[in-house]
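What follows is a set of notes on a single structure, which appears directly below.
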Amino acid sequence: MAPRARVRAPELIGGGGWLNTGGNDLTLADLRGRIVILDFWTFCCVNCLHVLDELRELEEKHRDTVVIIGVHSPKFVHEAEHQAVVDAVERYGVHHPVLDDPELATWKQYAVRAWPTLVVIDPEGYVVAQHAGEGHAHALEALVAELEAEHEAKGTLRRGDGPYVPPEPVPTELRFPGKALPLPGGTFLVSDTTRHQLVELAADGETVVRRIGDGTRGLADGAPERARFSEPQGLAALPDGTVAVADTVNHALRRFDPATGETTTLAGTGRQWWQGSPDGGPAREVDLSSPWDLAWFAGRLWIAMAGVHQLWTYDPEAGTVGAAAGTTNEGLVDGPAGEAWFAQPSGLAAAGDRLWVADSETSALRWVERDGEGFAVRTAVGSGLFDFGHRDGPAAQALLQHPLGVTALPDGSVAIADTYNHALRRYDPATDEVSTLATDLREPSGAVLADRDIVVVESARHRLTRLRLPEEAVRVEAVAHRTRRAATEIAPGTLRLDVVFQAPAGQKLDTRYGPSTRLLVSATPPGLLAGGEGAGTDLSRDLVLADGVTEGVLHVSAMAASCDDDPANEYPACHVHQQDWGVPVRIAEGGAVRLPLVLAGMDESA
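Last residue of the sequence shown: 676 (our numbering), numbering continuous.
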C-alpha cells in the first residue's frame, strides 16, 4: 500500500448549523474512527445533484464505517438562506448530515475551488484524497475498502450507526413539484418531483384526480400503480395526444398516455451520458444526462439537457435523439447552435419562430431560431455565470437569479419563472424591456396559461398558484449580486495551470487509443488571456495574461479516463473523471504564479 500525504483536516464550521442530525452539532472529534467524505455542494448545481446520486450506493454499502457530510456552499444569494437549504435537502433526498455554510468558511478552510468537490478524511482525522467533479464513485469505493482494511488492522476503525437523523415527513398533496401541463379536459398534469410521481389535478389546481407512479424511485413502465420515475421534471404534449416526460434522474424520456394511464420509455438507457458517449442515434440506445424540460418546436421534441449544458432533440417518427445546440462547455456564448455554450438549461417554451430557453446557471433568458439550414442561439437577458440579481428595465442591464421556467404569453412576450428571486418576470421582445409581474412566489419553477390566468408552479410551497395576468408590472427595488466566491489573486505575466489527476488505486490512464486526458481553457472577458486558451491533451499549461486586464474568470474544463490496471484482463473496466471550473481571478503584483486544480488525488506541490 503506497504511503499517502497526511494533512490534518480542518474543523467543520458553518453559520447555518447542522441538518439531519436531530438538532446535534457535529465535530471531527465526534467522527473519529469513521471514514468521512465531505461533499461540497450547492443545490443549484446539476453536477452536484449527479454526485448525490453517485454516492447513494456507497452510502448504503458502507453505512457502518463511512459518514458522508454534505457541506452546503452557496453560489447564489438565495442559496445562503437557511430555509432554502432545508428545502433542498428534502427535495433531493439527502440522507446524511448537512452543514449549512453560507459564508463559505469550511469551503475556504479546505481550499475548495469547484462544485462539486469530495474530500476524504481517514479515521484518524487526516485528509487523504480530494476529487472534483463527477465520475469518482469507483475511486471512492476502492479507497474506502483500502482505508477499512488499514484502520481495522491498526485498531483505529470504529463501526456502528452514523449520526444521520431523518426529519419528520410533512403531509402535502404535492412535494416540490417541478413543472405543469394543461390537459385537454381542463385538468393539470404536474411532475411531483420529490415523490417520483406524476399527479393529475382538477381544474381548481388543488384536487387530486389520480397519481401516476407508485412513488418509489426507479425506472419501470406500465400502469399507474406499477410505473416508476426518479425526480421527473418537464412535461410536453406530443402531436399524438400523449405527454412526454423528462425523467431527470433516470436520464430518460418517458411517455404518459392520459387515455390509458400507461407509461412507456421513449429515449435513454437509464445511464448518464459521459464525454465520449454517442451524442445521437436510436433513442433507446443513447445515454442522456438530466433532461430537465421539454417543448415541441420545429417538428421535433426539444430537450433541455441540463446535465451536459446542451439542447437535444427527439424525432418520434425516426425514433432517434441527438445533440442540437451547445458544445457541453458551460458558459454563455451565442452563435451557430453547434458552437453555442449553455449553462444548465432548465426551461423551454416554443412561440412562433423562437424556442425560448431559461438558462439557469447564467441567470439568462435565451432563444433558438432558424439560421439558414440550421439554428442559432441568441441571448435576451443575462451576461454570464457570476452576475445575477433582481433588476428591471432595458434587457442589457436587467438581472435574473437562476430561472428555471419560461412561458410564452399571448401578446408575444415571455414570462420567466425567476426561481431564486421568488418572482415572475416578463420580457417583451417588442420593447426589449424586463419587468416584474409578481413577487412572493416561493421558488417558482414553471408556469402555464389557463384562460386569462397564469398558473405558477410554486415548488417550495408545494402547490400551484393561480394569478391574474396583470396589466401593469410590479415595482421592485433593484438589487445586483456577484458570486460570493473570493477571487484568486494571480501575478501578471505567465500563470502555470496544473490540473492534478492521480489515477485511483489499481487503475492507470487509458492510453490504448491515444491520449486519455483533455483540457479546455477560455476566459471571460476573452481578452484576459494573451495565450494558452483552447483545447489540448496535456493537463498542465502556461497561460499568458494580457496587459491591461485586471480581473476576470478562467474557465477550465478537464477530463481523464482511467482503466483497471490488470494485464490479464482483456476487457478492463474504464471510468471517466470530468469537471468544469470557473475561477474568478484578480491580477495583482505578488499574486500566485501557479494555479492548481485538483481533479483527483492530492496536490503534492501544495
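Beta carbons are placed, not taken as given, at the ideal position from N, Cα and C, and that holds for glycine.
Please state if the CB of residue j and the CB of residue i are separated by a distance shorter than 8 Å.
i: L358; j: L364; result: no
i: Q665; j: T587; result: First, the residue type needs correcting, since residue 665 is Leu and not Gln in the sequence shown. Taking 8 Å as the Cβ cut-off, L665 and T587 do not qualify as a contacting pair.
i: V504; j: A419; result: no
i: P514; j: E528; result: yes
i: A487; j: G516; result: yes
i: L534; j: L271; result: yes
i: V190; j: L89; result: no
i: T226; j: G103; result: yes
i: T264; j: R281; result: no
i: V619; j: I657; result: yes
i: A616; j: G597; result: yes
i: A421; j: L474; result: no
i: R538; j: R522; result: yes
i: A434; j: V451; result: yes
Considering residue i, what are the terminal residues of the alpha helix (DSSP H) in which it resides?
i: E355; result: It is not in any alpha helix (DSSP H) - E355 carries neither H nor E in the DSSP assignment.
i: W177; result: 175-179
i: E220; result: 207-224
i: R611; result: First-last for R611: 610-615, but that is the beta strand (DSSP E), not the alpha helix (DSSP H).
i: R436; result: Premise fails: R436 lies in the beta strand (DSSP E), 434-441, not in any alpha helix (DSSP H).
i: L119; result: 116-131
Just to confirm the assignment, what range does the beta strand (DSSP E) spanning residue i have?
i: A628; result: 621-634
i: A337; result: 333-337
i: E528; result: 523-528
Note down, in chain order, each residue of its chain lying with its Cβ closer than 6 Å to the Cβ of residue i, except the 5 sequence neighbours on either side.
i: R287; result: H266, S300
i: D157; result: A530
i: T333; result: D291, A297, R324, F326
i: R671; result: Correcting the residue type first, residue 671 is Gly in the shown sequence and not Arg. Once the five neighbours on either side are set aside, the close Cβ partners of G671 are V570, Q572.
i: R496; result: S483, A485, S505, L507
If I measure Cβ to Cβ from residue i and keep anything under 8 Å in the same chain, skipping five residues before and after, which residues do I get?
i: L308; result: A314, R325, W366, L371, P386
i: A662; result: T558, E559, I560, A561, L565
i: W185; result: F110, W111, T112, C115, N117, C118, S143, K145
i: G331; result: R280, I282, A293, P294
i: N399; result: H379, W411, L590, S592, H625, S627, D650
Buried or exposed: which applies to residue i, given that a residue is buried once 16 or more other Cβ atoms fall within 10 Å of its Cβ?
i: M71; result: Note on M71: pLDDT 44, under 50, position unreliable in the model; the coordinate value appears next. With fewer than 16 other Cβ atoms within 10 Å, it is exposed.
i: K249; result: buried
i: P406; result: exposed
i: D404; result: exposed
i: R161; result: buried
i: N639; result: exposed
i: A600; result: exposed
i: A316; result: buried
i: N94; result: exposed
i: G660; result: exposed
i: D423; result: exposed
i: V235; result: exposed
Please list, in chain order, all residues of the same chain as residue i whose beta carbon is under 7 Å from its beta carbon, the five residues on each side excluded.
i: W382; result: I373, M375, V391, G392, A393, A394
i: G86; result: H152, V155, D170, D171, P172
i: V668; result: Q200, A202, V570
i: T509; result: H492, A493, V544, V546
i: G576; result: A212, D634, D635
i: T135; result: R104, I105, E218, L227, R229
i: A550; result: G459, R461, L469
i: G195; result: R78, A79, L98, R102
i: P464; result: D502, E503
i: V447; result: A395, D404, G405, A407, A410, R436, V438
i: L425; result: A365, F367, W372, L418, W437, V438
i: L289; result: R298, S300, N320, A322, G340
In the DSSP assignment, what are the bridge partners of residue i?
i: I139; result: L108
i: A421; result: R424
i: K578; result: C633
i: E503; result: P464, D498
i: P247; result: Bridge partners of P247: none, in fact.
Less than 8 Å between CB atoms is the rule here; does residue i satisfy it with respect to chain D?
i: V235; result: Among the protein chains of the structure shown there is no chain D, as only one such chain exists.
For the ligand PLP, is there any heavy atom lying closer than 7 Å to the beta carbon of residue i?
i: L259; result: Absence of the ligand PLP from the depicted structure is noted, as is the absence of any ligand whatsoever, leaving it without description.
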